[in-house]
Amino acid sequence: MSPRLGFVGMTHLGLLSAAAAAAKGFDTVAADPDDGRIAALRSGSLPVSEPGLAELLAEHGTRLRFTSEPTALADCDLVYVAPDVPVQADGTSDPAPVDTLLAWARQSVKPSCVLVVLSQVPPGFTRQRLAPGPALYYQVETLIFGRAVERALHPERFIVGCADPTAPLPPALASFLAAFACPILPMRFESAELAKISINLVLVAQLSITNTIAEICEGIGAEWNEIAPALRLDQRIGKHAYLGAGLGIGGGNLLRDVATARRLAAETGGDDAVLRSFEANSRHRRDWALRALSRALAGTVQPRVAILGIAYKQDTAETLNSPGLALAEAVGGATLRLHDPVVDLTAFAALGSAAGDPLAACANCDAVAIMTPWAIYRGIDPAALAPTMRGRVLLDPYGMLDGAACAAAGLERHTLGSPAP
Amino acid sequence: MSLVHQSADPAAPQRVVVIGSRGFVGGAIVAELARAKIPSLALSSQDLDLLAPGADTALAAQLLPDDAVVIVSALTPDRGKDVATFMKNLRMVEQICAALQAQPVAHVVNIGSDAVYADEPSLVDESTPVTPMGFHGMMHAARETMLRAVVANNLALLRPSLLYGAADTHNGYGPNRFRRTAQSDGKITLFGNGEEKRDHVAIGDVATLVRLVLQHRSAGVLNIATGSSASFRGAAELVAAQFDTPVEIIPQKRGGPITHRHFATGALLRAFPEFRPTTLADGIAAAHRQMRDG
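Read top to bottom, the protein sequences are chains H and E. According to our numbering, the first sequence is numbered sequentially starting from 351. According to our numbering, the second sequence is numbered sequentially starting from 121.
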C-alpha cells in the first residue's frame with residue numbers, strides 16, 4: 351500500500367515537493383499553520399512564480415489536501431518538514447522556521463510516522479533534533495529557482511541523512527523515494543547536510559573561475575563563449591558544468607553556503623582562503639555593470655538609463671543579490687526606467703519608474719542594461735531598439751541580443767567575457 | 121568599512137582646518153575649498169611645527185567643535201624612508217591625536233595612501249587586508265589606527281593611489297618625473313620597459329573627492345583611484361606626446377619583478393555616483409598645460 355504523505359511548510363520548497371509527490375500518485379497532505387497561506391492556495395493563488403507549477407497543481411491537485419490543521423497529519427506515514435529558510439543579505443540564515451514546523455508536526459503525527467527534514471539546515475542540525483517518538487531523517491533538497499518543477503519530478507539522486515546509515519530506510523520513505531527511479535544515497539546526518547553545501551561550493555567554484563577567466567577575456571580580446579564549449583567537452587569538467595559568465599554569484603543560496611563553509615572552516619581550523627576569494631570575486635564581478643556604465647556615460651549630463659530585469663535570475667521573482675537591483679541602487683544622478691516581466695516593481699518605485707514593456711522602458715535612454723536574462727529580452731530587435739534610444743550604450747552581460755545586429759544598429763554593446771568595445 | 125555619508129545632502133562644513141596646507145595635496149585641497157567658498161584655516165609646517173614640543177596644545181587652541189579637520193601633513197618618502205622619518209611621522213599624528221582629544225571636532229579626514237596594502241594583490245578594494253610592506257605604508261597604517269583610537273566616529277580614511285599634477289614637488293617615478301625630464305633633457309627613463317601598470321590619479325580629483333567627503337560628512341574607508349590602470353610606458357608616451365620636440369623613451373635594465381596594481385572602484389562609484397575621474401590622457405595634458413603656462 352502506498353504511504354500517505356504529508357508536507358509541512360507551504361512556501362516554495364514545500365509546495366513544489368508536495369505537488370511532485372501528488373504527481374507521482376501519492377495522496378498528500380499539504381499543511382501549514384498559516385491560515386491565510388492555506389486559504390490562498392485553496393483559491394489557486396500561488397506564493398511563488400515557478401514555470402509549470404500551476405499546470406502541475408491543476409493536473410494533480412485532486413491528490414493534494416491543503417490544510418492548516420495539524421491533526422490532518424495524524425494518518426500520514428511519512429511527513430516532510432520543508433519550510434523555506436530565508437537567507438539574509440550577509441549570507442547567513444536562521445533555521446528557526448524548521449524547528450517551529452518540526453514541533454508543529456511532532457504534536458500530531460503517529461509514533462510510526464517517519465519525519466524528514468527537507469529544508470536546508472547547517473551540519474549538525476538534525477542529529478541535535480533526535481527525540482523519542484517518530485523516526486527522524488534529513489533529505490537534501492536541490493530546488494533551483496526557475497527549474498523547481500523539473501527538479502522535483504526528475505531528481506538526479508536522493509541524499510538521505512540518517513542517524514544510522516547502516517540500517518535500512520523505513521518502508522514508507524524507501525517506497526516513496528523509489529517512485530522517482532533515481533539513486534538513493536543514505537549517509538550519516540552530518541555528511542548529508544554537508545553534501546548539500548558541497549554541491550553548491552563546487553558550483554560556486556565553477557562560476558568563480560568562469561567569471562575570473564571571462565574578465566581576462568574582456569581585457570585581452572578573447573571570447574569566453576568560444577572557450578566554454580571546449581571545456582564542456584572535457585570529461586573532467588562536463589557538459590552541464592556551470593560555465594556561464596555571470597555578474598558574481600546570484601541569489602542567496604550559493605553565497606549562504608560559502609558563508610557556512612567559511613564558518614565551519616574557521617571553527618575546525620581549516621583553510622578558508624579560497625572561500626573568501628569566491629566572495630570577493632562575486633562582489634567584484636557584481637559591479638561589472640556599474641563600472642561599464644560609469645565609463646560609458648562619462649560626460650553624459652543627467653543620463654537616462656533603462657534597467658531590464660530586476661529578478662536575480664530569469665524565471666523567478668526573487669530579488670536577493672539581484673545584479674539589476676544592485677545597479678539600480680548604485681547608479682546615482684541618473685533617471686532610471688525599470689522593467690521586469692515578473693517582479694512587482696512598485697516596491698522599487700523610489701529607484702525608478704516602471705515600464706510596461708522593454709522597448710517603452712528604453713525610450714529616450716542614454717544606456718540600456720539587460721540585467722536578467724529573461725527569455726522575452728531575446729526578442730528585442732536591435733534595429734528597433736536603437737532608434738528609440740537617445741544614446742548608444744547597451745550593457746548586455748549575458749549576450750541576449752545578436753552582436754552583429756547590435757553593431758549594425760550602431761549600438762555600443764558590452765558583454766561579459768567579450769572584448770570591451 | 122565602506123564610506124557612509126552622514127549627511128545625505130551636501131552641506132558646507134562650518135570651517136575646514138587643513139593640516140599640511142602647503143604641500144602638493146594640501147595646497148590643492150585648500151584651493152578646492154576656496155573655489156567652493158568653504159571657509160578654511162590653512163596650517164602649514166611654518167604655522168605649526170608638529171614635531172615641536174607643545175604642538176598639540178597649539179593645535180587644540182586653534183580648533184573649534186564644529187570644525188572639520190583634514191590631515192595631509194606627512195614627511196613623504198622623498199624626505200626619507202628610514203626609521204627616523206617613520207617615527208617623525210608618527211609623532212606628528214600623535215600630536216594631532218592629542219589635540220583632537222583635547223578639542224574634539226565634527227569631522228576628521230585623513231589623507232593616507234594605498235601603500236597600506238601589500239604589493240601582491242593586483243586588484244585592490246577597501247576590503248583588501250591592510251598589510252603594509254615598508255615604513256611608508258606602515259606609517260600610514262599606524263596613523264590610521266592612531267586616529268581611529270581617538271576619533272570614534274566621523275572619521276574618513278582616504279587612501280589615494282599614485283598622484284600626479286603640475287605642482288607636485290616630489291620627484292617620484294611616474295608622470296611628474298617623466299614631464300620634468302622630458303622638459304629638461306628630452307628623455308624619459310623607464311624601469312625595464314615600463315610594463316608595470318598603476319592607477320594614476322590627478323591631484324584635482326583628490327581635492328574634489330575630499331570636498332565631497334567634507335560636504336557629506338562621510339565616515340569610513342575609501343580608496344581614491346580611477347579604476348583604470350596604465351603602464352608606465354603608456355604614461356611616458358602620453359607625456360612625450362605633449363611636447364613639440366621628440367622625447368626619447370629609454371628602457372633600463374629591470375631591478376625587480378613586474379607587479380601591477382588595479383583598483384576595484386565600486387565603493388567610490390557608489391559613494392559619489394556623479395563623480396567622473398579624470399582620465400590619464402586628460403590629466404597629463406592638463407598638467408602639461410599648467411607647467412607650460414606657469
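No residue lacks a Cβ here, since even glycine has one placed at the ideal position from N, Cα and C.
C-alpha gap between residue i and residue j, whole angstroms
{"i": "Asp385 of chain H", "j": "Thr417 of chain H", "result": "8 Å"}
{"i": "Pro518 of chain H", "j": "Arg507 of chain H", "result": "17 Å"}
{"i": "Ala188 of chain E", "j": "Pro445 of chain H", "result": "46 Å"}
{"i": "Phe376 of chain H", "j": "Leu366 of chain H", "result": "14 Å"}
{"i": "Arg763 of chain H", "j": "Arg413 of chain H", "result": "51 Å"}
{"i": "Gly146 of chain E", "j": "Ile139 of chain E", "result": "8 Å"}
{"i": "Glu568 of chain H", "j": "Gly767 of chain H", "result": "5 Å"}
{"i": "His380 of chain E", "j": "Ser469 of chain H", "result": "46 Å"}
{"i": "Ala322 of chain E", "j": "His382 of chain E", "result": "16 Å"}
{"i": "Asn671 of chain H", "j": "Leu243 of chain E", "result": "22 Å"}
{"i": "Ala725 of chain H", "j": "Arg415 of chain H", "result": "34 Å"}
{"i": "Pro224 of chain E", "j": "Ile216 of chain E", "result": "11 Å"}
{"i": "Met266 of chain E", "j": "Met212 of chain E", "result": "11 Å"}
{"i": "Tyr237 of chain E", "j": "Asn230 of chain E", "result": "16 Å"}
{"i": "Gly411 of chain H", "j": "Thr685 of chain H", "result": "46 Å"}
{"i": "Val651 of chain H", "j": "Leu403 of chain H", "result": "46 Å"}
{"i": "Pro249 of chain E", "j": "Asp186 of chain E", "result": "33 Å"}
{"i": "Ser165 of chain E", "j": "Val624 of chain H", "result": "47 Å"}
{"i": "Arg392 of chain H", "j": "Asp690 of chain H", "result": "28 Å"}
{"i": "Tyr727 of chain H", "j": "Tyr748 of chain H", "result": "11 Å"}
{"i": "His362 of chain H", "j": "Ala609 of chain H", "result": "22 Å"}
Where residue i meets chain H, residues with beta-carbon distance less than 8 Å
{"i": "Ala128 of chain E", "result": "By Cβ distance, chain H contributes nothing, its closest Cβ being about 11 Å from Ala128 of chain E, past 8 Å."}
Cross-chain neighbours of residue i in chain E, by beta carbon under 9 Å
{"i": "His634 of chain H", "result": "Leu243, Asp245, Ala384 and Gly386"}
{"i": "Asp382 of chain H", "result": "Residues of chain E passing the Cβ test: none, with the nearest at roughly 40 Å."}
{"i": "Asp514 of chain H", "result": "Near Asp514 of chain H there are no residues of chain E at all, since even the closest Cβ is about 44 Å away, more than 9 Å."}
Cross-chain neighbours of residue i in chain C, by beta carbon under 7 Å
{"i": "Ala648 of chain H", "result": "Absent here is chain C; the protein component of the structure consists of chains H and E."}
Burial state of residue i (16 or more Cβ within 10 Å)
{"i": "Leu751 of chain H", "result": "buried"}
{"i": "Leu334 of chain E", "result": "buried"}
{"i": "Gly649 of chain H", "result": "exposed"}
{"i": "Thr328 of chain E", "result": "buried"}
{"i": "Ala542 of chain H", "result": "buried"}
{"i": "Gly130 of chain E", "result": "Just to set this straight, residue 130 of chain E is Pro in the shown sequence, not Gly. Looking at its Cβ environment, which holds fewer than 16 other Cβ atoms inside 10 Å, Pro130 of chain E is exposed."}
{"i": "Pro397 of chain E", "result": "buried"}
{"i": "Lys317 of chain E", "result": "buried"}
{"i": "Cys715 of chain H", "result": "buried"}
{"i": "Lys663 of chain H", "result": "buried"}
{"i": "Arg612 of chain H", "result": "buried"}
{"i": "Leu735 of chain H", "result": "buried"}
Residue i: contacting residues in chain H (beta-carbon distance under 9 Å)
{"i": "Gly347 of chain E", "result": "Arg641, Ser644 and Arg645"}
C-beta atoms of residue i and residue j nearer than 8 Å
{"i": "Val437 of chain H", "j": "Gly594 of chain H", "result": "no"}
{"i": "Leu688 of chain H", "j": "Ile657 of chain H", "result": "yes"}
{"i": "Ala485 of chain H", "j": "Val358 of chain H", "result": "no"}
{"i": "Ser632 of chain H", "j": "Ile599 of chain H", "result": "yes"}
{"i": "Glu679 of chain H", "j": "Leu701 of chain H", "result": "yes"}
{"i": "Pro673 of chain H", "j": "Leu597 of chain H", "result": "yes"}
{"i": "Ala422 of chain H", "j": "Ala381 of chain H", "result": "yes"}
{"i": "Pro719 of chain H", "j": "Leu745 of chain H", "result": "In the sequence as displayed, the identity of residue 719 of chain H is Ala instead of Pro. Yes."}
{"i": "Leu342 of chain E", "j": "Glu246 of chain E", "result": "yes"}
{"i": "Met537 of chain H", "j": "Ile509 of chain H", "result": "yes"}
{"i": "Gly386 of chain E", "j": "Leu604 of chain H", "result": "no"}
{"i": "Thr378 of chain H", "j": "Ala371 of chain H", "result": "yes"}
{"i": "Gly354 of chain E", "j": "Arg279 of chain E", "result": "no"}
{"i": "Leu406 of chain H", "j": "Leu355 of chain H", "result": "no"}
{"i": "Leu275 of chain E", "j": "Ala339 of chain E", "result": "yes"}
Residue i: contacting residues in chain H (beta-carbon distance under 7 Å)
{"i": "Leu171 of chain E", "result": "Near Leu171 of chain E there are no residues of chain H at all, since even the closest Cβ is about 40 Å away, more than 7 Å."}
{"i": "Arg390 of chain E", "result": "Ala680"}
Interface partners of residue i on chain E, CB under 8 Å
{"i": "Asp716 of chain H", "result": "Simply none; closest approach about 14 Å."}
Any residues in the region 245-270 of chain E with a beta carbon nearer than 9 Å to a beta carbon of chain H? Which ones, in chain order? Taking 9 Å as the cut-off between beta carbons, the residues of the region 245-270 of chain E near chain H are Asp245, Ser247 and Thr248, in sequence order.
Taking a Cβ distance cut-off of 7 Å, strictly less, list which residues of the region 394-412 of chain E are near chain H, in chain order. Within the region 394-412 of chain E, the qualifying residues are Glu394 and Arg396.
Using a Cβ cut-off of 7 Å, which residues of the region 660-686 of chain H contact any Cβ in chain E, in chain order? Answer set for the region 660-686 of chain H: Ala680, Val681, Gly682 and Gly683.
Proximal residues, the region 351-362 of chain E versus chain H, C-beta separation under 8 Å: Residues of the region 351-362 of chain E whose Cβ lies closer than 8 Å to any Cβ of chain H: none.
Please list the residues of the region 611-633 of chain H that have a C-beta atom closer than 8 Å to any C-beta atom in chain E, keeping them in chain order. For the region 611-633 of chain H, the residues whose beta carbon sits under 8 Å from a beta carbon of chain E are, in order, Ala630 and Arg633.
Which residues, taken in chain order from the region 686-717 of chain H, show a beta carbon closer than 8 Å to some beta carbon of chain E? For the region 686-717 of chain H, which is checked against every Cβ of chain E, not one residue is closer than 8 Å.
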